[in-house]
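Quick note: the sequence shown, position 219, residue 220 per the numbering used here, numbers continuous. C-beta: ideal position from N, C-alpha, C; glycine also. Structure record follows, encoded as structure tokens.
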Amino acid sequence: MHASLERPRNAGFMDLTAGGEALKIPSDAALKRAALCFSSFQNHRREHGAGLLTSALYPTYPRADLAFKHGEGAWLTAENGDRYLDFSAGVAVLSLGHNHPHLVETLKRAAEAPWHVSNLFRIPQAERLAQRLCEATFAELVFFTNSGAEAVECAIKTARKFHAVNGRPERYRLITFEGAFHGRTLATIAAGGNAKYLEGFGPPIDGFDQVPFGDYDAVEAAITQETAGVLLEPIQGEGGLRVFAPSFLTRLRALCDARGLLLVLDEVQCGVGRTGKFLACEHAGVAPDIAALAKGLGGGFPLGACLATREAAKGMTLGAHGSTFGGNPLATAVGGAVLDVVLEDGFMARVARLGALLRQRLAELEDRYPSLIEEIRGEGLMFGLKTKIPNADFAAAARAEGLLTVLAGDNVVRLLPPLIVDESDIAAATSRLAAACARLAAPAEKLGAA
Ligand SMILES: Cc1ncc(COP(=O)(O)O)c(C=O)c1O
Numbered sequence: 002m003h004a005s006l007e008r009p010r011n012a013g014f015m016d017l018t019a020g021g022e023a024l025k026i027p028s029d030a031a032l033k034r035a036a037l038c039f040s041s042f043q044n045h046r047r048e049h050g051a052g053l054l055t056s057a058l059y060p061t062y063p064r065a066d067l068a069f070k071h072g073e074g075a076w077l078t079a080e081n082g083d084r085y086l087d088f089s090a091g092v093a094v095l096s097l098g099h100n101h102p103h104l105v106e107t108l109k110r111a112a113e114a115p116w117h118v119s120n121l122f123r124i125p126q127a128e129r130l131a132q133r134l135c136e137a138t139f140a141e142l143v144f145f146t147n148s149g150a151e152a153v154e155c156a157i158k159t160a161r162k163f164h165a166v167n168g169r170p171e172r173y174r175l176i177t178f179e180g181a182f183h184g185r186t187l188a189t190i191a192a193g194g195n196a197k198y199l200e201g202f203g204p205p206i207d208g209f210d211q212v213p214f215g216d217y218d219a220v221e222a223a224i225t226q227e228t229a230g231v232l233l234e235p236i237q238g239e240g241g242l243r244v245f246a247p248s249f250l251t252r253l254r255a256l257c258d259a260r261g262l263l264l265v266l267d268e269v270q271c272g273v274g275r276t277g278k279f280l281a282c283e284h285a286g287v288a289p290d291i292a293a294l295a296k297g298l299g300g301g302f303p304l305g306a307c308l309a310t311r312e313a314a315k316g317m318t319l320g321a322h323g324s325t326f327g328g329n330p331l332a333t334a335v336g337g338a339v340l341d342v343v344l345e346d347g348f349m350a351r352v353a354r355l356g357a358l359l360r361q362r363l364a365e366l367e368d369r370y371p372s373l374i375e376e377i378r379g380e381g382l383m384f385g386l387k388t389k390i391p392n393a394d395f396a397a398a399a400r401a402e403g404l405l406t407v408l409a410g411d412n413v414v415r416l417l418p419p420l421i422v423d424e425s426d427i428a429a430a431t432s433r434l435a436a437a438c439a440r441l442a443a444p445a446e447k448l449g450a451a
């Protein structure tokens with residue numbers, strides 16, 4: 002059926018294939034591939050306008066037309082040679098920045114050893130990493146995953162199973178909060194409760210009762226005989242860097258204890274040192290029963306973990322859960338190397354100190370540009386600027402000045418620098434943000450002067 006398709010001669014087409022390979026090899030298969038590519042390009046343009054095409058990938062992301070050829074520390078070099086200061090860090094993934102020598106060395110060594118053995122055998126790297134996570138946190142047991150959503154899934158299953166083995170299988174519901182984001186699997190979109198992410202995917206998985214952000218009375222009122230626990234991000238990332246007050250977490254902990262419920266924390270974005278503590282809940286002096294980690298834990302290698310007390314994980318016995326790749330030797334070797342650095346004496350104190358410096362600089366910008374910045378939120382090196390103009394416009398202006406940021410809900414622009422940034426990176430980010438603000442404020446000032 003592709004025989005009738007013309008050879009693609011579109012000038013832009015070369016950019017859409019892997020290095021233009023399809024056009025250089027004029028075999029039938031290559032031409033078919035190219036034709037398919039071209040037709041999906043046309044479909045894409047029809048359905049999404051002339052926006053950026055990302056070849057045969059699902060068009061589920063609003064991708065910027067930028068690709069990178071080199072990264073070092075907090076800096077990225079684009080294919081055209083432009084340099085960017087990366088305060089997006091792969092959405093809080095690159096805890097140690099790009100190409101950290103210890104991670105590179107560890108991964109190279111791990112690549113010489115068996116890449117993968119199944120979880121039907123012992124994996125010493127995973128055992129060591131689990132042990133270190135337990136020593137660094139409230140946890141006594143760990144289940145490794147490949148992503149944040151899987152870590153949260155495991156947390157949800159662990160909470161449900163706890164009550165089931167306690168003879169209360171009807172306790173399967175978790176209380177969650179508006180603005181939450183827990184991932185994109187069917188269970189985690191139900192937990193997040195964002196209508197935009199649920200639409201079109203059939204009936205949401207049952208078992209989540211959402212209450213307004215930070216509303217303690219609403220949590221209390223939502224508890225029923227079916228409640229298993231409370232699930233929240235101590236700092237909502239995608240929801241707009243909304244920080245739950247430490248006193249709120251303390252009250253939730255007490256409430257869970259009093260009512261036999263589990264406190265389940267999603268620290269996928271705010272964990273692993275990002276806030277200046279290994280877990281963000283440590284700022285409140287609160288220990289959860291279960292916590293999900295990912296993102297920064299692998300420093301760029303896909304790795305997640307569900308942490309639990311022995312008691313909370315009592316239902317997760319032989320055969321209760323599984324993952325082919327979870328805890329594989331490559332991932333857990335790299336995770337171990339991340340911990341080597343993050344758990345070094347003084348590392349997290351440094352994150353807190355640099356975070357305070359960045360906060361001060363951002364506050365100065367807020368004072369200088371009250372028409373652009375409404376509020377600064379966050380903790381450690383996890384910041385959100387709530388902007389008065391559309392956040393996408395602000396982020397685009399920052400990118401034009403060579404600073405990469407990430408958007409969040411509630412009209413927020415996130416700054417999530419690698420945790421290894423130094424004073425000069427903070428200074429560079431500040432001057433780029435100041436230039437972006439000046440660029441954005443100019444038209445408003447001109448209008449005011451007219
Ligand atoms: C708080 C939180 N939980 C879960 C997830 C899902 O993680 P992943 O995309 O690795 O599945 C994210 C991702 O942004 C997150 O920020």
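Buried or exposed (CB count within 10 angstroms, at least 16 for buried), residue i
i: His99; result: buried
i: Gly323; result: exposed
i: Val414; result: buried
i: Leu386; result: buried
i: Tyr370; result: buried
i: His101; result: buried
i: Glu234; result: buried
i: Gln211; result: buried
i: Ser372; result: exposed
i: Asn81; result: exposed
i: Gly180; result: buried
Backbone secondary structure at residue i - three-state DSSP
i: Thr454; result: Beyond the ends of the chain as shown, which are 2 and 451, falls residue 454; an answer cannot be given.
i: Phe209; result: strand
i: Gln237; result: strand
i: Asp66; result: coil
i: Ile421; result: coil
i: Phe144; result: strand
i: Asp267; result: strand
i: Cys38; result: In this predicted model, Cys38 has a pLDDT of only 34, less than 50, meaning its place in the structure is not dependable; the value taken from the coordinates is given anyway. Reduced to three states, the DSSP call for Cys38 is helix.
i: Arg415; result: strand
i: Leu242; result: coil
i: Ile190; result: helix
i: Glu73; result: strand
i: Leu32; result: Low local confidence applies: a pLDDT of 33 at Leu32 is under 50, so the model's placement there is unreliable, and no value is given.
i: Gly431; result: In the sequence as displayed, the identity of residue 431 is Thr instead of Gly. Three-state result, Thr431: helix.
i: Gly230; result: strand
Distance between residue j and residue i (C-alpha atoms, nearest Å)
i: Glu283; j: Ala219; result: 24 Å
i: Leu242; j: His183; result: 14 Å
i: Asn412; j: Met383; result: 16 Å
i: Ala114; j: Arg169; result: 45 Å
i: Gly300; j: Met349; result: 16 Å
i: Leu77; j: Tyr85; result: 5 Å
i: Val143; j: Arg311; result: 9 Å
i: Val343; j: Pro419; result: 12 Å
i: Ala79; j: Asp87; result: 11 Å
i: Val273; j: Val153; result: 15 Å
i: Gly193; j: Phe163; result: 22 Å
i: Thr325; j: Asp368; result: 51 Å
i: Val269; j: Gln237; result: 10 Å
i: Gly337; j: Gly230; result: 31 Å
i: Ala314; j: Ala160; result: 8 Å
i: Ala127; j: Cys271; result: 22 Å
i: Leu366; j: Ala399; result: 13 Å
i: Ala19; j: Ser148; result: Model confidence at Ala19 stands at a pLDDT of 26, short of 50, so the residue's coordinates are unreliable; what they give is reported in the following sentence. Roughly 26 Å between the two C-alpha positions.
i: Thr225; j: Gly240; result: 26 Å
i: Leu264; j: Ala442; result: 44 Å
i: Glu106; j: Arg129; result: 18 Å
i: Lys70; j: Gly208; result: 44 Å
Residue range of the beta strand (DSSP E) that includes residue i
i: Arg174; result: Arg174 to Phe178
i: Asp87; result: Arg84 to Asp87
i: Ala79; result: Trp76 to Ala79
Alpha helix (DSSP H) segment containing residue i, residue limits
i: Arg260; result: Pro247 to Arg260
i: Thr276; result: Note, Thr276: premise wrong, no alpha helix (DSSP H); not H, not E.
i: His164; result: Gly149 to Val166
Report the residue ranges of all alpha helix (DSSP H) runs contained in full by the region 353 to 413; include only those spanning at least 4 residues, in chain order.
392 to 401
Where in the region 291 to 347 do unbroken runs of the beta strand (DSSP E), each at least 3 residues long, occur, reported from the N-terminal end onward?
291 to 294 and 305 to 309
Every unbroken alpha helix (DSSP H) inside the region 106 to 147 [4 residues or more]:
125 to 137
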